[in-house]
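Q: Starting off with a structure, shown below.
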Amino acid sequence: MNSMTFDRITVFGAGAMGTGIAQVCAAAGARVTVCDVSPEAVKRAQKALDAEFKGRIEFCSSLLETTEADLVIEAVSERMEIKQDLFSRLDNQLPPTTILATNTSTLSVTAIAAKARFPERVCGLHFFNPPAQTRLVEVVKAKQTAAEVLERCAAFVRELEREPILVRDAPGFVVTRCSRPFLSEALHCLDSGVADLRTIDGILRKGGFPEGPFEQMDRTGLDAVYATTRALWEGFFHEPRFRPHLILRKLVEAGYLGRKTGRGFYEHRDVG
């Protein structure tokens, strides 16, 4: 197999996104390490990946075990302070040649990079859920990102048999920014009694969408949808068209987060 742009990849964050990104990278032939400070999360990722990639993906729960990576892709919680702290700590122990990429969907890559000693090596690599089935990856240029970093990351995305699109650092970039009104309008239709959620989902599937908006939110996780929508709303200084809907907030407060909890807009009896 031909050598890749980045041979050694560390994916930091062993949740659904991190596990999916690791799967895509390993399938393309890269040497992958999945790292998470939670041993339980590491065990879940190992269980999900071992059947197909046994021996090809390593797992760890310590930052000290990530020092050999050519590329680190961060896929931790969508909270600025967590990402900034992680990048600051990684930046202090990795060689200057290692590229640091964040999978954030809404947060400022420029602000994340500002906490690094070498901010020019920081960019965004925004994979979409689920990574194994979605071909698009946004390559995000922060104010500080070097042109060479963007070129290498775009080349790497192509090696993963994905389509890179270069975008500037703005709240929601392109795809998330365009998709929020789609989900929001479905919630407004439901709230105003235009149709029930099964009808809305069914109409949009018949119109060519692979899944309806409520099915999509349940699959993604309502907590993640709410957090992303809120971050986009705040990023655009509370612009009304991005305001999170009360229905979504109340479901999150109740712990109805979608497929992962067995209940969201729908009940999911196959959870676990």
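In case it helps, our numbering puts the sequence shown at residues 524 to 795. For glycine and all other residues, C-beta sits at the position ideal for the given N, C-alpha and C.
1) Rounding to the nearest angstrom, what Cα-Cα distance links Gln656 and Gly543 in this structure?
2) For Pro642, name the three-state secondary structure that DSSP assigns.
3) So, for Leu713: in the same chain, excluding its five sequence neighbours on each side, which residues have a beta-carbon less than 6 Å away from its beta-carbon?
4) Quick one: what does DSSP say Leu706 is sitting in, helix, strand or coil?
5) Met524 to Ala550, Cα distance in whole Å?
6) In the region 667 to 735, which residue ranges form an unbroken beta strand (DSSP E) of at least 3 residues, counting only runs that do not cross its ends?
7) Please report how far the alpha carbon of Arg640 lies from the alpha carbon of Thr590, in whole angstroms.
8) Within 10 Å of its beta-carbon, does Asn615 have 16 or more other beta-carbons around it, so buried, or fewer, so exposed?
9) Less than 8 Å separating the beta-carbons of Cys676 and Ile622?
10) Go ahead and label Cys701 buried or exposed: buried means 16 or more other beta carbons lie within 10 angstroms of its beta carbon, across all protein chains shown.
11) CB-CB under 6 Å to Phe732, same chain, minus the five flanking residues each way: which ones, in chain order?
12) What's the gap between the Cα of Val565 and the Cα of Val717?
13) Which one or two residues does DSSP pair with Cys583 in a beta bridge?
14) How would you label Arg728, buried or exposed, when you count the other beta carbons within 10 angstroms and need 16 or more for buried?
15) Distance check for Pro704 and Ile596, CA to CA, integer angstroms please.
16) Mind checking His649: buried by the 16 CB within 10 Å criterion, or exposed?
17) Check whether the Cβ atoms of Trp756 and Arg766 sit closer than 8 Å, and answer yes or no.
18) Just the Cα atoms here: how many angstroms apart are Gly695 and Thr629?
19) Would you say the region 743 to 751 touches the region 775 to 786, given that touching needs at least three Cβ pairs under 8 Å?
20) Report the rounded CA-to-CA distance for Leu613 versus Leu706, giving the unit in angstroms.
21) Distance check for Thr533 and Thr556, CA to CA, integer angstroms please.
22) Helix or strand or just coil, what does DSSP make of Ala545?
23) Secondary structure at Thr629, three-state DSSP: helix, strand or coil?
24) Count the other C-beta atoms from every protein chain shown that fall within 10 angstroms of the C-beta of Gly735, then say buried if there are 16 or more, exposed otherwise.
25) Here's a check: name, in chain order, each residue in its chain whose Cβ is nearer than 6 Å to the Cβ of Asp724, leaving out the five neighbours to either side.
26) Check Gly744 in the structure and name its three-state DSSP category.
27) For Leu774, which three-state DSSP category applies?
28) Write down the C-beta distance between Ala537 and Ala568 rounded to the nearest angstrom, noting that I regard them as a contact closer than 8 Å.
29) Grab me the residues of Leu617's own chain with a C-beta within less than 8 Å of its C-beta, minus the 5 sequence neighbours each way, in chain order.
A: In short, the structure shows the following:
1) Cα-Cα distance, rounded: 9 Å.
2) Correct three-state label for Pro642: helix.
3) Non-local C-beta neighbours of Leu713 in its own chain, meaning closer than 6 Å and more than five positions away in sequence, comprise Leu720, ordered along the chain.
4) Three-state DSSP puts Leu706 in a helix.
5) Its pLDDT being 46, under 50, Met524 is placed unreliably in this model, and the value from its coordinates should be taken loosely. Each residue's Cα considered, the two are about 12 Å apart.
6) Runs found: 686 to 691.
7) Straight-line spacing of the CA atoms in Arg640 and Thr590 works out to 16 Å.
8) By the Cβ neighbour-count rule, Asn615 is exposed, with fewer than 16 other Cβ atoms within 10 Å of its own.
9) Yes. Within cutoff.
10) With fewer than 16 other Cβ atoms within 10 Å, it is exposed.
11) If we look at Phe732 and ignore the five residues flanking it on each side, it has no Cβ neighbours.
12) Taking C-alpha positions only, Val565 is separated from Val717 by approximately 44 Å.
13) Partner(s): Cys558.
14) The residue in question, Arg728, is exposed, as its Cβ has fewer than 16 Cβ neighbours within 10 Å.
15) Those two C-alpha atoms are separated by around 28 Å.
16) Buried is the call here.
17) Yes; because the gap between Cβ atoms is below 8 Å, this pair is in contact.
18) So the alpha carbons of these two residues sit roughly 4 Å apart.
19) In short, these stretches touch, since the Cβ pair count reaches three.
20) Their backbone Cα atoms lie some 35 Å apart in a straight line.
21) Going from the Cα of Thr556 to the Cα of Thr533 covers about 5 Å.
22) Correct three-state label for Ala545: helix.
23) Three-state DSSP puts Thr629 in coil, outside helix and strand.
24) With 16 or more other Cβ atoms from the protein chains shown falling within 10 Å of its own Cβ, Gly735 counts as buried.
25) Cβ neighbours of Asp724 beyond the five flanking positions: Gly735, Phe737 and Glu738.
26) In this structure, DSSP gives Gly744 a state outside helix and strand, which the three-state scheme calls coil.
27) Helix, per DSSP.
28) Their Cβ separation, rounded to whole angstroms, is 4 Å, which keeps Ala537 and Ala568 in contact under 8 Å.
29) Beyond the five residues adjoining it in sequence on each side, Leu617 comes within less than 8 Å, by CB distance, of Thr589, Thr590, Ala592, Val595 and Leu623 in the same chain, given in chain order.
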